[in-house]
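These notes are about the structure you will find just below.
Number of protein chains: 2
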Amino acid sequence: MQDGSQRPKVVVVGAGFGGLSVLRGLADQPVDVTVVDRNNFHTFLPLLYQVATSGLNAADVAHPIRAIVQRHRNIDVRHGTVEGVDWDRHEVQVAGQAPLPFDHLVLAAGSTANDFGIPGVAEHGYPLYTLDDAARLRNRVLERFEAAALDQSLIDDGALTFAIVGGGPTGVETAGALAELFDKVLRDDFHTLPVQRARVVLIEMADSLLTPFGTRSRDHAIDALRRRGVEVRLSTRVSSVGVDHVVLDGGERLPAHTLVWAAGVQANPLARVLGVAQGPGGRIVVDRDLSVPDRPGLWAIGDLAHTPGAVEDGGAAPQLAPAAMQAGELVAANVLRMVAGEPTQPFRYRDKGTMATIGRRSAVAEIPGVPILVGSIAWAAWLVLHLVMLIGFRNRLSVLVNWAWNYLTWDRGPRLIFGPGADPPHH
Amino acid sequence: MQDGSQRPKVVVVGAGFGGLSVLRGLADQPVDVTVVDRNNFHTFLPLLYQVATSGLNAADVAHPIRAIVQRHRNIDVRHGTVEGVDWDRHEVQVAGQAPLPFDHLVLAAGSTANDFGIPGVAEHGYPLYTLDDAARLRNRVLERFEAAALDQSLIDDGALTFAIVGGGPTGVETAGALAELFDKVLRDDFHTLPVQRARVVLIEMADSLLTPFGTRSRDHAIDALRRRGVEVRLSTRVSSVGVDHVVLDGGERLPAHTLVWAAGVQANPLARVLGVAQGPGGRIVVDRDLSVPDRPGLWAIGDLAHTPGAVEDGGAAPQLAPAAMQAGELVAANVLRMVAGEPTQPFRYRDKGTMATIGRRSAVAEIPGVPILVGSIAWAAWLVLHLVMLIGFRNRLSVLVNWAWNYLTWDRGPRLIFGPGADPPHH
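Chain order of the listed sequences is E and V. Note that this note's numbering gives residue 388 to position 388 of the first sequence, counting from 1, and the numbers run on in steps of one. Note that this note's numbering gives residue 456 to position 29 of the second sequence, counting from 1, and the numbers run on in steps of one.
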């Protein structure tokens with residue numbers, strides 16, 4: 001990018017699935033693009049739960065943003081945290097850094113955990129939306145086993161009870177992977193501990209898991225989890241959370257030192273400071289072409305955007321990676337259309353289906369035009385799809401090697417207490 | 428391990444090369460062993476510099492201790508930090524945890540950086556002795572490039588100058604790997620930055636690098652580093668260090684935001700609190716059988732021990748992995764001899780040679796009975812040896828894949844700002 005350039009300046013906030021899709025659409029086009037992210041890497045969110053359960057290394061699900069855009073000289077990278085927008089100066093404010101002027105600003109900053117105001121969740125809950133989150137949960141799980149190995153009376157106290165709140169894909173995948181980690185790996189690692197007393201309790205307020213899925217998938221998920229020893233508690237709400245317990249709606253107190261919070265998301269807090277209309281979950285309400293009303297040059301996509309009319313029945317697109325990627329593609333095209341003086345096009349979400357993995361040779365997949373898949377074949381489809389989607393040949397290879405190893409040996413590799421929240425246990 | 432066991436209790440402090448070697452010797456023997464480490468993993472120290480220079484993932488050079496000893500039911504693991512020893516009760520004190528009683532105590536806690544009292548080193552220097560150190564240095568290097576990309580005036584201020592103090596293997600390897608990282612990878616990542624202005628300055632107080640090596644190896648190292656653009660400053664001492672500069676002995680002030688401290692080691696501070704005789708670098712002086720005089724049941728090995736008489740000329744064993752492993756083997760055997768009522772044997776260090784890598788297809792290797800190797804063949808020998816030594820098939824495979832990738836593509840993978848010290852740059 002040259003100073004004094006007359007080319008339109010596009011700033012993209014967030015290098016998730018949506019942001020990267022915008023970059024792909026703007027690469028080598030007649031615009032100067034800057035992508036800002038608080039990390040210097042893209043995180044492959046669908047596999048975070050495998051980092052949290054010692055199945056993959058942190059680096060396997062992260063890819064440097066600069067490596068992704070290296071070949072495109074019209075794309076620059078800013079490693080920083082966006083704090084707000086100065087509308088008068090048309091500048092993005094970045095914490096501790098010079099502001100970034102823009103002609104077009106694409107918000108693709110995603111979502112964070114939503115605690116729905118339940119007391120104690122923010123302080124004690126372990127969310128699973130960033131690589132730091134995943135490392136912190138992995139460290140917590142391993143550290144609680146170390147603590148119980150020091151003092152087995154802690155087991156009754158909840159040291160080895162892991163409550164997971166939320167029966168969507170994240171909750172189901174984490175529950176299944178934790179149960180397998182305990183049964184197949186930590187049982188051997190901690191031979192002085194009665195590891196069979198470790199509990200995984202999956203708590204869901206609806207009367208079924210994976211509610212957007214069909215009955216056959218839901219039933220498979222519940223059966224497969226229960227076969228792995230997961231306690232599935234349906235129609236159950238959490239009323240408060242403490243450092244060593246969870247209180248359920250009827251007053252039941254479940255001793256649990258670790259609470260994984262997978263109950264729902266809300267828009268990135270950035271949405272709040274912009275002074276624009278917010279819809280469900282704090283998401284920014286966008287027009288049909290994904291521009292934000294009354295804010296010329298502002299666009300929002302992915303988990304951060306509420307897109308009424310994107311689905312044929314008039315509803316909004318779901319908060320899924322394919323929706324963010326499709327929206328990113330359209331926004332890139334719409335920005336280029338505006339630059340060329342052409343009219344923008346409306347967003348139309350194409351359903352690519354959804355999948356969730358319960359564990360080894362067990363998954364569910366619902367893909368439009370394909371019969372519902374459950375069990376081994378859905379698991380194989382899940383593996384292939386995620387390998388293909390994963391960015392960077394090296395990451396793919398590393399994940400493939402790790403998965404093959406895990407499958408063949410029932411072992412897991414990187415059960416390291418390292419990085420955020422890594423400390424030895426204390427009494 | 429059973430309570431009330433009459434079997435002798437052996438506590439091993441540290442799961443480095445020395446500690447693991449003790450465990451190997453005591454596995455499935457008639458003793459109850461507990462290994463204590465402040466990490467739950469063994470760190471493969473010779474490759475730390477590759478983590479620091481984005482060549483390998485942190486997890487590639489770490490292996491869970493419990494995975495290593497899993498099959499041996501007489502070995503238990505404690506994740507904790509040893510603070511001292513209660514000699515009256517014959518117990519090891521572990522921070523925040525119950526003490527560990529012992530009949531034999533093997534100290535294998537290694538070494539830490541030695542700042543030789545030079546002002547500023549402790550505050551501003553980046554040592555390279557732990558996985559945290561390596562992640563911190565990697566994050567610092569990448570973060571300084573991000574900062575310079577935001578404000579190029581920082582280059583004159585030293586943002587892209589990396590001073591490395593100490594011309595031993597760690598300093599030489601880090602200098603070579605940084606120069607390659609800048610030239611082959613970051614030059615493309617940061618296309619708006621004049622990356623050719625990044626400097627790697629290797630400072631050594633002696634008149635040569637790699638002083639324990641022969642002339643041919645030393646000359647090769649200096650030539651190979653200079654060909655890579657490293658500024659080698661021999662016969663130069665550091666008199667003080669500031670947050671953004673290094674002051675050299677003659678008064679020269681070198682602007683450098685990052686100082687890698689590889690100038691020397693001292694014994695783990697644990698050695699100080701035990702009330703035993705300390706030799707050079709604070710190391711515990713041991714008898715010929717590696718026991719500590721006047722402390723029945725106490726043994727010290729590896730970088731923590733000073734072993735006069737271990738070499739034929741009467742000198743002590745060097746602070747190298749093979750010496751620690753040989754000492755660990757002997758201590759395990761000597762403990763078993765004492766348990767069986769037999770006399771102990773003296774330690775005799777067998778020189779296995781030394782190696783150091785400068786970079787791609789460049790290394791030096793001096794192995795007794797083999798002609799001195801320099802260049803590509805030494806590099807190949809280095810690669811094979813380190814792959815073979817690396818613990819865990821999975822790590823070996825992962826390192827092999829990473830190295831093959833790096834070699835074939837000139838790319839590096841894990842240039843992530845993540846973990847200890849990971850923050851976006853601020854003005």
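We put the beta carbon where it would ideally sit given N, CA and C, even for glycine. Since the model is a prediction, treat every value here as computed from it, not as a measurement.
When the distance is taken between beta carbons, is residue j closer than 8 angstroms to residue i?
| i | j | result |
| --- | --- | --- |
| residue 13 of chain E | residue 107 of chain E | yes |
| residue 680 of chain V | residue 674 of chain V | yes |
| residue 36 of chain E | residue 11 of chain E | yes |
| residue 214 of chain E | residue 372 of chain E | yes |
| residue 553 of chain V | residue 663 of chain V | no |
| residue 521 of chain V | residue 508 of chain V | yes |
| residue 225 of chain E | residue 210 of chain E | no |
| residue 336 of chain E | residue 6 of chain E | no |
| residue 645 of chain V | residue 635 of chain V | yes |
| residue 282 of chain E | residue 271 of chain E | yes |
| residue 138 of chain E | residue 51 of chain E | yes |
| residue 738 of chain V | residue 545 of chain V | no |
| residue 715 of chain V | residue 774 of chain V | yes |
With 16 other CB atoms within 10 Å as the buried threshold, where does residue i fall?
| i | result |
| --- | --- |
| residue 345 of chain E | exposed |
| residue 795 of chain V | exposed |
| residue 343 of chain E | exposed |
| residue 273 of chain E | exposed |
| residue 192 of chain E | exposed |
| residue 200 of chain E | buried |
| residue 803 of chain V | exposed |
| residue 97 of chain E | buried |
| residue 797 of chain V | exposed |
| residue 925 of chain V | Coverage of chain V is limited to positions 428 through 854, which leaves residue 925 of chain V absent and any answer about it impossible. |
| residue 350 of chain E | exposed |
I'd like the list of long-range same chain contacts for residue i, defined as Cβ closer than 6 angstroms, with 5 residues on each side in sequence excluded.
| i | result |
| --- | --- |
| residue 631 of chain V | 594 and 661 |
| residue 454 of chain V | 499 |
| residue 332 of chain E | 22, 25 and 26 |
| residue 427 of chain E | Note that residue 427 of chain E has pLDDT 46, beneath the 50 cutoff, so the model's placement of it is unreliable and no number is given. |
| residue 725 of chain V | 532 and 719 |
| residue 419 of chain E | 135 |
| residue 560 of chain V | 554 |
Which first and last residues belong to the alpha helix (DSSP H) in which residue i is found?
| i | result |
| --- | --- |
| residue 328 of chain E | 321 to 339 |
| residue 389 of chain E | 376 to 389 |
| residue 220 of chain E | 215 to 227 |
| residue 173 of chain E | 169 to 181 |
| residue 7 of chain E | Element bounds for residue 7 of chain E: n/a, residue is neither H nor E. |
| residue 583 of chain V | 580 to 584 |
| residue 162 of chain E | Segment 161 to 165 is the beta strand (DSSP E) holding residue 162 of chain E; no alpha helix (DSSP H) there. |
| residue 20 of chain E | 17 to 26 |
Please go through the same chain and pick out, in chain order, the residues whose beta-carbon is closer than 7 angstroms to the beta-carbon of residue i, but skip the five residues on each side of it.
| i | result |
| --- | --- |
| residue 320 of chain E | 354 |
| residue 2 of chain E | Reliability fails at residue 2 of chain E, whose pLDDT of 44 lies under 50, so the model's placement of it is uncertain and the value that follows must be treated cautiously. Excluding residues within five positions, none has a Cβ falling inside 7 angstroms. |
| residue 445 of chain V | 535, 728, 729, 751, 752, 754 and 755 |
| residue 122 of chain E | 115 |
| residue 49 of chain E | 128, 170, 173, 174 and 177 |
| residue 581 of chain V | 574 and 575 |
| residue 809 of chain V | 782, 784, 790 and 792 |
| residue 693 of chain V | 538, 539, 541, 708 and 709 |
| residue 695 of chain V | 536, 537, 538, 539 and 731 |
The beta strand (DSSP E) with residue i in it runs from where to where?
| i | result |
| --- | --- |
| residue 726 of chain V | 725 to 727 |
| residue 354 of chain E | 354 to 359 |
| residue 667 of chain V | 665 to 668 |
| residue 635 of chain V | Where residue 635 of chain V is concerned, there is no enclosing beta strand (DSSP E), given that its DSSP letter is neither H nor E. |
| residue 266 of chain E | 265 to 267 |
| residue 462 of chain V | 459 to 464 |
Looking only at DSSP bridge pairs, what is residue i linked to?
| i | result |
| --- | --- |
| residue 518 of chain V | V:513 and V:528 |
| residue 552 of chain V | V:686 |
| residue 141 of chain E | Looking at the DSSP assignment, residue 141 of chain E forms no beta bridge with any residue, so it has no partner. |
| residue 488 of chain V | The partner list for residue 488 of chain V (beta bridge, DSSP) is empty, contrary to what the question assumes. |
| residue 789 of chain V | V:786 |
| residue 191 of chain E | Partner(s): none; residue 191 of chain E has no beta bridge. |
Spatial neighbours of residue i within its chain, please: CB distance less than 8 angstroms, with the 5 preceding and 5 following residues excluded, ordered by chain position.
| i | result |
| --- | --- |
| residue 883 of chain V | Nothing about residue 883 of chain V can be reported from this structure: the residues present for chain V run from 428 to 854 only. |
| residue 502 of chain V | 450, 453, 454, 460, 461, 462 and 496 |
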